Amino acid sequence: MKFSKLYIALLFAAGYVANVEAQVVVPTPGIANNPTQKAKKPAAPQNWEHLSIGKDGVYGIESDKAYKEFPKSKTKKKLIVAIIDSGVDTAHADLKNILWINGKEIKGNGKDDDNNGYIDDIHGWNFLGSADGKNNVVKTNLEADREYLRLRDQYLNVSFDDYRKNPKYAYFRSVVSKSVLGSKEFAVVIVKRLAEENKKLIQEIQEKNPGKVLHMIDYAGYQPTDSMFIYAQSAVMMGVMYKKVPDTTLLAPFIQKFSNDMIASNQKEYLSAKESVTDNRVLMNDDFRANASRYYGNNILSLPHIEHGTHVAGIVAAERNNGIGLDGIADNVLIMAIRAVPDGDEYDKDIANGIRYAVDNGAKIISMSFGKPFSPQKQWVDDAFKYAEQKGVLIVKAAGNDSKNLDVDKTFPDAVFLDGKKAGNVITVGASTPDAKTASFSNYGKTTVDLFAPGTEIYSTIPGSEYKNMQGTSMACPVVSGVAALVWSRFPNLTYLQLKEILLKSVTKVSGTTLLPGAQNPTEVPFSTLSVTGGIVNAYEALKLAKTYK
């Protein structure tokens, strides 16, 4: 049985461990979960994100209506949208005709014909592979685990009083709380400490009862005053609460076995986690903590684990009116595929260089559906954001799926730089539902999330010329990227600042309430309080507003 939250709550109360959500494993029988089954809501219409509340009864972006009034782009030049993600199926029937092609590069000749630093980058670039293409990173670890491994030797052996009280350890405490490896290693430390405290507690009970043979009844009925004894005793009593341990059980042998079992169970989990936390990026022969070079990787974009990026690309620009699959939101658009997001957390270096690649090769919009709780090399990403802004490029990024308030708890990359200034070219997107509610998983923030967009039951492309529904702010982000591309292609003289202003000013305002994502108890709040605009992106209204700009 895992008593992680209840058990660690006791440690929090003791002030013993701060911000550590270690999964302490107590080896006792468990109770099966039997959650109440909730009735499912009727499915939304397929491709509901294109529809409108007035005509179709769902809070889509009104792109169908937009195309009727604004049917054609005002320029034949196709706008390039860069998808920084896990990769794209470049052979997909609904994507192959809308891919960016680097016309200055000769396919397959093994040369950097355009001298941009990347060999044979026909449709984009893969920042997660070796130069020879033989090693490509698909699965990697979490940033929290990478940070834990970087910092553990400095902090693991500090005193517990210093660890929990000293402000200089606040960052490490936060890392431990989110690191699978760190939380499990600290669980081992905790159960070993509690075993020591139980030995001392038994000694204290014996001193109060000289000459008496102690049994479980003596332990259960004893009321210690020392805070650590209290929590050591509570841990044991919780661990045996579902066992019918006779009062006459000898105390010392039982506690010894109980403690040994706890230590062994947690040690086993820690060792298992340690084996799974490997940095496959070393196969690239590139140091992710050194940014001396931007020119690494290869041109392989279609690999295992590209479903996410392929789905995102289809939302933006799956070929319209070809009679198959779906219609992407934007026409007159080309997709530039940049592979920088593995199965695990992305590396700051790859994201920074991916942004620069997109900007240097003509992208006007960069769609970024990823995020993580730590950003050790954030300055590199900040600098890339600034570079994109200098070049007039709009960045659209997903808010994240942690059901948290980004005004309080950050997810990276974010629009706020290390120096406190804010990027002017970034739009952060939360996920909404067909009935104008906040998706239960979506992050939010009155000052940090700009607007919401459809993000549930979104039908789009997946590898193998297939299609499926997916959900997440990862889907809401490309909806906004698509709307931005649609507007910009109709009004190409807009600046990125004007375009951002138009998208934010033209949202569908939502006057109703929604459940607050992540609240422990169901809490209704005004939808308008969860983002800067209080609304959902609207393609039709954005185009109408753009028409008024000179």
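For the sequence shown, numbering that gives the first Met the number 0 assigns the number 0 to the initial residue and increments by one for each residue that follows. All C-beta atoms, glycine included, are put in the ideal place defined by N, C-alpha and C. Since the structure is predicted, the reported quantities are computational estimates derived from the model, not experimental observations.
From this set, Asn-468, Phe-69, Asp-413, which residue's C-alpha is nearest Tyr-443's C-alpha? Asp-413
Leaving out five residues on either side along the sequence, give the residues of the same chain with a beta carbon under 7 angstroms from the beta carbon of Val-137. Leu-302, Pro-303, His-304, Pro-341, Asp-342
Starting from Arg-319 and walking both ways along the beta strand (DSSP E), at which residues does that stretch end? Looking at the DSSP string, Arg-319 is not in any beta strand (DSSP E), and its letter there is neither H nor E.
Less than 9 angstroms between the beta carbons of Gly-429 and Val-315, yes or no? no
Quick one: what does DSSP say Ala-538 is sitting in, helix, strand or coil? helix
Can you tell me whether Pro-453 is helix, strand or coil according to DSSP? strand
If you follow the alpha helix (DSSP H) that Thr-547 is in, where does it begin and where does it stop? Where Thr-547 is concerned, there is no enclosing alpha helix (DSSP H), given that its DSSP letter is neither H nor E.
Tell me, please, which residues DSSP counts as bridged to Tyr-154. For Tyr-154, which the question treats as bridged, DSSP gives no partner whatsoever.
Over what stretch of residues does the beta strand (DSSP E) that includes Lys-396 continue unbroken? 393-397
Where does the unbroken beta strand (DSSP E) through Trp-99 begin, and where does it stop? It is not in any beta strand (DSSP E) - Trp-99 carries neither H nor E in the DSSP assignment.
State the start and end residues of the unbroken alpha helix (DSSP H) segment that holds Lys-211. Lys-211 -> no alpha helix (DSSP H), and no H or E assigned at all.
Since Phe-451 contacts Ser-431 with CB under 8 angstroms, what's their CB separation in whole angstroms? 4 angstroms
Can you tell me which of the three DSSP states Phe-526 falls into? helix
Mind reading off the beta-carbon distance from Glu-351 to Ala-387? Whole number of angstroms is fine, and I expect it under 8 angstroms. The sequence given here places Ala at residue 351; Glu does not occur at that position. Ala-351 to Ala-387, Cβ: 10 angstroms. No contact.
Please classify Lys-39: does DSSP put it in a helix, a strand, or coil? A caution first: Lys-39 carries a pLDDT of 48, below 50, which makes its placement in the model unreliable, though a value can still be read off. Coil.
What's the call for Gln-232, buried or exposed, on a 16-neighbour Cβ count within 10 Å? buried
To the nearest angstrom, how far is the alpha carbon of Asp-111 from that of Asn-140? 32 angstroms
Quick one, are the C-beta atoms of Val-332 and Ile-97 less than 9 angstroms apart? yes
Helix, strand or coil at Asp-326 according to DSSP, with G and I counted as helix: coil
Which residue's Cα is closest to the Cα of Leu-78: Ile-365, Ser-527, Phe-411, Asp-131? Ile-365
In three-state DSSP terms, what is Phe-2? In this prediction, Phe-2 has a pLDDT of 35, which is less than 50 and means its spatial position is unreliable; nothing more can be read from the coordinates.
Figure out for me which residue from Asp-349, Ala-272, Gly-210 has the closest Cα to the Cα of Asp-285. Asp-349
Of the choices Met-237, Leu-200, Val-212, whose alpha-carbon is the least far from that of Thr-224? Leu-200
State whether the region 209-219 contacts the region 169-184, with contact taken as three or more CB pairs (one from each stretch) at a distance under 8 angstroms. no
Leu-514 lies in the beta strand (DSSP E); which residues open and close that run? 512-514
First and last residue of the uninterrupted beta strand (DSSP E) at Ser-441: That residue, Ser-441, is in no beta strand (DSSP E); it is neither H nor E in DSSP.
Output needed for Gly-107: all residues of its chain with C-beta closer than 7 angstroms, excluding positions within five of it in sequence on either side, in chain order. Asp-119
With a floor of 4 residues, list each alpha helix (DSSP H) that falls wholly inside the region 229-280, ordered by position along the chain. 250-275
What residues in its chain sit with their C-beta under 7 angstroms from that of Leu-515, if we drop five residues either side in the sequence? Thr-522, Val-524
With a CB to CB cut of under 7 angstroms and the five nearest residues on each side skipped, what residues in its chain are close to Gly-533? Lys-508, Val-509, Phe-526, Ser-527
Within 10 angstroms of its Cβ, does Gly-29 collect 16 or more other Cβ (buried), or is it exposed? In this predicted model, Gly-29 has a pLDDT of only 29, less than 50, meaning its place in the structure is not dependable enough to derive any value.
Close-in-space but distant-in-sequence residues of the same chain around Asp-278 (CB under 8 angstroms, 5 per side omitted): Thr-139, Asn-140, Arg-145
Here's the rule: buried if 16 or more other CB atoms are within 10 angstroms of the residue's CB, otherwise exposed. What is Tyr-66? buried
Thr-507 bridges to which residues according to DSSP? Ile-535
Just checking my contact of Thr-437 with Ala-398 at CB under 8 angstroms: how many whole Å lie between their CB atoms? Incorrect: roughly 10 angstroms between the Cβ atoms, too far for contact.
Can you tell me the Cα-Cα spacing of Arg-163 and Tyr-170, whole angstroms? 11 angstroms
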